[in-house]
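Visitor: First the structure, then my questions, so here it is.
Chains as they are written, first to last, in my numbering: chain G, 1047 to 1376; chain C, 1272 to 1606.
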């Protein structure tokens, strides 16, 4: 399979008055054509910033300070601003968590979808036909009437569908989905998950899914990277991640959610809270909360080591985790 | 966690909370009927002393309104709230203030439910002083005790909410609720705004405190996995009404109401091998302004027939301590 996106040693920093927040620190991963790659972690771990960095949407005082983002062989970080515009939307589309804030409240859905069709030299009726077609694809009936409505007239689920339609009209090859279902109810979340899974196949897209919800990951992803404090801690295939997690943080996440088989025992969540990224720890960032830590962890950051083909973990003591159970039995 | 004594601490009977929509002068002249948002539309339920009961349902189904009406932050439109054998609905002024210390609420968003201009100490002491929980000389002691209970170090008592993380703020909210020695805690989505690793810390803290202080907890959440994990019983709400109530484990393993079934199915399974492409239920919850006739779930129910369209089902007992309001429950009889 071909790689559609290669992110190599990406670093994104935010420069405050007195401090620098290192939001993304040497993050590397690949996305293959046709796969859904998950980026999971808790708020503030840098997953959304990674996503925005790919589209080069990091604004002042933030800055991409290093690394490369290779999309289909071209380093996006070396493109001029004008060239980059050609990639946004047309090649790489993005959907956001809160469709109410991502859609413009004073424009009708028609105007927002037409905006994506602006440069395509289409007549008005072509555009309308296309917009209605895409609303139908994402499951919004009577598109003709709904095109003239504003985002506030749509329900949360419908707004998310409308946003997906506005992104899809440009037929991107890579879809960045930043917590697309977090603000939705379970039944609507289920609809949107299945919609994205279906569209991925229909439009032969690759998807980068950013989420904190292991349930959504289980429903959508092929491979997953677990992020913590701006760094990737573990990368694995979906079954390996659920079956044999090999990083203390991933194991801790498993211990933080009730699942079948854990109902009768007391769960032991990770203690403490994530580190402050304006002053990231020198050694392993998870060290203060880790139950396997030893002296070395405080001082030296472990490398991301390949422990099995395709399964990487950043831990000094991977062997201690060999008997850790996963959520599922493989 | 079995319920030893089946004493009822709180009983709600036919509780309604409707919010009337604003009428324009034109509406009044043309005599258009007043339209109501039927947030809580006839709820009857009991909470046993010492139990942890869950309340689940999708957003807008009236979970939070029910909790706020129980504690009388909203005045009920009609219906009765009976707390420890006394009528809570008609209490006013001083009596209400006194009784309210027995029921306390924890809110979803610890960022907006703590006063940003008050330090932790001020927040806690305010509640203690106002309700005269202890002697003035003992306030400091009481405060330290509260901070210890929720694992907030004593030396941070002078700090302000902005200096704490979300999880810590929620601990402070819990301490504030406990300051007045309540018996019943209404926890309205206490962990939904927190990170996964912090969520379970707070949940474990709540259940430890519940056992230690003999509290009764109504745990409102939309996360079925968490509710199944911590609660003894659960009530499922849909469009202002409770559709099913009973033992949590039994309800989630064998749902009797089609809506409960759909909720459990829509919750992602934590097993990538059990993925499916089939959408569990199409469409969305109807507006509480226009509640469907008959069974309010019938337009979306895969099993609905004529009777469901016309007749609103009664709540009925289908097995021990298990009530369902459905004409055609998925479980007929359970031993």
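Virtual Cβ for every residue (Gly too), placed ideally from N, Cα, C.
1) Would you tell me roughly how many angstroms separate the C-alpha atoms of residue 1466 of chain C and residue 1240 of chain G, rounded to the nearest one?
2) Does the beta carbon of residue 1467 of chain C sit closer than 8 Å to a beta carbon anywhere in chain G?
3) If you draw a straight line from the alpha carbon of residue 1432 of chain C to that of residue 1374 of chain C, how long is it in whole angstroms?
4) What are the boundary residues of the beta strand (DSSP E) that includes residue 1257 of chain G?
5) In the structure shown, what three-state DSSP assignment does residue 1083 of chain G receive?
6) Between which two residues does the alpha helix (DSSP H) holding residue 1100 of chain G run?
7) Using a Cβ-Cβ cut-off of 8 Å, state whether residue 1415 of chain C counts as contacting chain G.
8) At which residues does the alpha helix (DSSP H) containing residue 1497 of chain C begin and terminate?
9) What residues of chain G sit near residue 1518 of chain C, judged by a beta carbon separation below 9 Å?
10) For residue 1459 of chain C, tell me which candidate among C:1420, C:1484 and C:1493 has the shortest Cα-Cα distance.
11) Mind checking which residues open and close the alpha helix (DSSP H) that includes residue 1380 of chain G?
12) Report yes or no: do the stretch 1558-1578 of chain C and the stretch 1588-1599 of chain C share at least 3 C-beta pairs separated by less than 8 Å?
13) Here's the rule I'm using: 16 or more other beta-carbon atoms within 10 Å means buried, otherwise exposed. How should residue 1199 of chain G be labelled?
14) Please classify residue 1479 of chain C as buried or exposed, where buried requires at least 16 neighbouring CB atoms within 10 angstroms.
15) Determine which residues of the stretch 1281-1297 of chain G have a Cβ less than 8 Å from any Cβ of chain C, and write them out in chain order.
16) May I ask you to verify whether the stretch 1112-1129 of chain G touches the stretch 1203-1214 of chain G, counting CB pairs closer than 8 Å and requiring at least 3?
17) Does DSSP classify residue 1426 of chain C as helix, strand or coil?
18) Pick out the complete alpha helix (DSSP H) segments inside the stretch 1364-1436 of chain C, 4 residues or longer, and give them in chain order.
19) Would a check of beta-carbon distances place residue 1315 of chain G closer than 8 Å to chain C?
20) Check whether the Cβ atoms of residue 1293 of chain G and residue 1279 of chain G lie closer than 8 Å to each other.
21) How would you list, in chain order, the residues of chain G whose beta-carbon sits under 9 Å from the beta-carbon of residue 1548 of chain C?
22) What are the boundary residues of the beta strand (DSSP E) that includes residue 1189 of chain G?
23) Could you tell me whether any Cβ in chain C is nearer than 8 Å to the Cβ of residue 1198 of chain G?
24) I want to see whether chain G comes within less than 8 Å of residue 1420 of chain C, judged by CB atoms only; does it?
25) Based on the DSSP output, what are the partners of residue 1223 of chain G in its beta bridges?
26) I'd like to know if residue 1475 of chain C contacts chain G, where contact means its C-beta is closer than 8 Å to some C-beta of that chain.
27) So what does DSSP say about residue 1490 of chain C, is it helix, strand or coil?
28) Suppose you measure from the CA of residue 1384 of chain C to the CA of residue 1338 of chain C; what does that come to, to the nearest Å?
29) Interface residues of chain D around residue 1480 of chain C at Cβ under 8 Å?
30) Determine the chain G residues that contact residue 1463 of chain C at a beta-carbon separation under 7 Å, and present them in chain order.
31) Roughly how many angstroms separate the alpha carbons of residue 1545 of chain C and residue 1258 of chain G, rounded to a whole number?
32) Mind listing which residues of the stretch 1510-1542 of chain C have their C-beta closer than 7 Å to chain G's C-betas, in chain order?
33) In the DSSP assignment, what are the bridge partners of residue 1352 of chain G?
34) Reducing DSSP to helix, strand and coil, say where residue 1058 of chain G ends up.
35) Got a sec: is the Cβ-Cβ distance from residue 1260 of chain G to anything in chain C below 8 Å?
36) Please go through the same chain and pick out, in chain order, the residues whose beta-carbon is closer than 6 Å to the beta-carbon of residue 1100 of chain G, but skip the five residues on each side of it.
Guide: By the coordinates alone:
1) Answer to the nearest angstrom: the Cα atoms are 25 Å apart.
2) True, the Cβ-Cβ gap to chain G drops below 8 Å.
3) Each residue's Cα considered, the two are about 24 Å apart.
4) Taken as a continuous stretch (DSSP letters only), the beta strand (DSSP E) holding residue 1257 of chain G covers 1252-1257.
5) Strand at residue 1083 of chain G.
6) Per DSSP, the unbroken alpha helix (DSSP H) holding residue 1100 of chain G starts and ends at 1093-1100.
7) In terms of beta-carbon proximity, residue 1415 of chain C stays away from the interface with chain G, with every pair separated by 8 Å or more.
8) Following the DSSP letters along the chain, one finds residue 1497 of chain C inside the alpha helix (DSSP H) bounded by residues 1495-1501.
9) Under the 9 Å cutoff, chain G gives no residues; its nearest Cβ is about 13 Å from residue 1518 of chain C.
10) Out of C:1420, C:1484 and C:1493, C:1493 has the C-alpha closest to the C-alpha of residue 1459 of chain C.
11) Any answer about residue 1380 of chain G is impossible in this case: the structure gives chain G only from 1047 up to 1376.
12) Touching, per the Cβ criterion.
13) Residue 1199 of chain G comes out exposed.
14) By the neighbour-count definition (other C-beta atoms within 10 Å, threshold 16), residue 1479 of chain C is an exposed residue.
15) For the stretch 1281-1297 of chain G, the set of positions with a beta-carbon nearer than 8 Å to some beta-carbon of chain C reads 1284, 1285 and 1288 in chain order.
16) Short answer: they don't touch.
17) Residue 1426 of chain C: helix per DSSP, three-state reduction.
18) Entirely contained in the stretch 1364-1436 of chain C, the alpha helix (DSSP H) runs reaching 4 residues are, in chain order, 1364-1371, 1391-1401 and 1410-1420.
19) Yes, contact with chain C.
20) Yes, these two residues count as a Cβ contact at 8 Å.
21) Scanning chain G for C-beta atoms nearer than 9 Å to the C-beta of residue 1548 of chain C yields 1240, 1243 and 1244, reported in chain order.
22) Where residue 1189 of chain G is concerned, there is no enclosing beta strand (DSSP E), although the alpha helix (DSSP H) around it starts and stops at 1189-1192.
23) Residue 1198 of chain G is outside the set of residues whose beta carbon lies under 8 Å from a beta carbon in chain C.
24) Not an interface residue.
25) Note: residue 1223 of chain G sits in a beta bridge opposite G:1141 and G:1255.
26) By this cut-off, residue 1475 of chain C is an interface position.
27) In the structure shown, residue 1490 of chain C adopts extended strand secondary structure according to DSSP, grouped into three states.
28) Residue 1384 of chain C and residue 1338 of chain C: Cα-Cα distance of roughly 16 Å.
29) Looking at the structure shown, chain D is missing, and the protein chains on hand are G and C.
30) Simply none; closest approach about 10 Å.
31) In this structure, the straight-line span from the alpha carbon of residue 1545 of chain C to that of residue 1258 of chain G is close to 20 Å.
32) Flagged, chain order: 1533, 1534, 1537, 1538, 1539, 1540, 1541 and 1542.
33) Among the bridge pairs identified by DSSP, residue 1352 of chain G is matched with G:1358.
34) Three-state DSSP puts residue 1058 of chain G in a strand.
35) True, the Cβ-Cβ gap to chain C drops below 8 Å.
36) So the qualifying residues of the chain are 1115.
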